[in-house]
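Accompanying notes for the structure given below.
In my numbering, the protein residues as written are 1 to 128.
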């Protein structure tokens with residue numbers, strides 16, 4: 001039998017074994033074991049049916065409310081995070097443009113010969 005990735009792997013294996021024994025009577029299983037498993041299954045199903053018929057408890061209602069609202073909170077936090085990243089990117093881009101404009105203005109305000117401005121490495125070194 002292959003291992004299960006289910007968090008309740010052992011319980012899942014037990015459930016499959018019980019179901020296999022109860023649903024396939026041709027297997028060689030002790031009748032006392034089969035009868036005990038059948039009774040346990042019927043009792044569990046009766047408890048399940050009783051619990052389903054009852055209204056949800058306060059704890060269950062609170063748990064569902066938290067689950068619903070936590071999901072909305074996660075989504076809004078994610079949207080806020082994206083907005084912050086986008087605004088930071090815009091802010092940095094504007095800051096870099098303003099810095100380049102300030103450097104260009106400072107360079108052009110000096111009295112340098114025109115040949116100095118024509119040098120390809122002149123402005124590159126100043127911007128760095």
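For glycine and all other residues, C-beta sits at the position ideal for the given N, C-alpha and C. Small disclaimer: the values here were computed from a predicted structure and weren't measured.
Put residue i into one of helix, strand or coil per three-state DSSP.
| i | result |
| --- | --- |
| residue 38 | helix |
| residue 119 | coil |
| residue 54 | coil |
| residue 94 | helix |
Could you check the C-alpha separation between residue i and residue j for me, to the nearest Å?
| i | j | result |
| --- | --- | --- |
| residue 35 | residue 41 | 10 angstroms |
| residue 33 | residue 82 | 59 angstroms |
| residue 100 | residue 117 | 16 angstroms |
| residue 105 | residue 75 | 45 angstroms |
| residue 80 | residue 93 | 20 angstroms |
| residue 85 | residue 98 | 20 angstroms |
| residue 46 | residue 78 | 44 angstroms |
| residue 113 | residue 103 | 17 angstroms |
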